[in-house]
């Protein structure tokens, strides 16, 4: 997940950048993970792709116009770490909770999976050896109601 999210762009009206964009730098642990097995797609040879949604806290970096920074609320300013970028802009870093919609691939890497005679024990054994990867990221957003 870290490799897949690092450097990605997040767009939100909540980010006080001129373009409402920030870049992901530090990524926390995934939580509230929802795996949508009913939407899984099978590609053959033991490979499944499954949609997932999860939340993670990330450090986002962006530029903020100095005049815009000083009109932010005191509460908002407390959460932003700034340093001078030039005469007109600050480099800003701020933690945000993000909702990520992605897909994971489950690669069972075995012909045994194709068998019509798989037992529950066989399947449990296959699950122990499955290779799981973050396949793609469809959407990254800052939810409006994260704390609700």
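Numbering (our numbering), first residue to last: 120 to 267. Glycine included, each C-beta is placed from N, C-alpha and C at the ideal position.
With a threshold of 16 other CB atoms inside 10 Å of the CB of residue 222, please say whether the residue is buried or exposed.
As a first step, residue 222 is located in the chain shown; it is residue number 103 there, counting from the start. Buried, because 16 or more other Cβ atoms sit within 10 Å of the Cβ of residue 222.
Taking 8 Å as the limit between beta carbons, can you name the residues of its chain near residue 252, skipping five residues before and five after?
Locating residue 252 in the chain shown gives position 133, counting from the first residue. Within the same chain, residue 252 has close Cβ partners 223, 224, 226.
Among 203, 187, 177, which has the Cα closest to the Cα of residue 125?
As a working note, residue 125 is residue 6 in the chain shown. With distances taken between Cα atoms, residue 125 lies closest to 177.
According to DSSP, simplified to helix, strand and coil, what is residue 227?
Numbered from its first residue, the chain shown carries residue 227 at position 108. DSSP places residue 227 in coil when its eight states are reduced to three.
C-alpha distance - residue 214 paired with residue 254, whole-angstrom precision
Sequence index remark: in the chain shown, residue 214 carries index 95 (1-based). Sequence index remark: in the chain shown, residue 254 carries index 135 (1-based). Taking the straight line joining both Cα atoms gives about 25 Å.
Starting from the C-beta of residue 167, find all residues in its chain whose C-beta is less than 6 Å away, skip the five residues before and the five after it, and write them out in chain order.
Your numbering for residue 167 matches position 48 in the chain shown. Cβ neighbours of residue 167 beyond the five flanking positions: 159, 161, 225.
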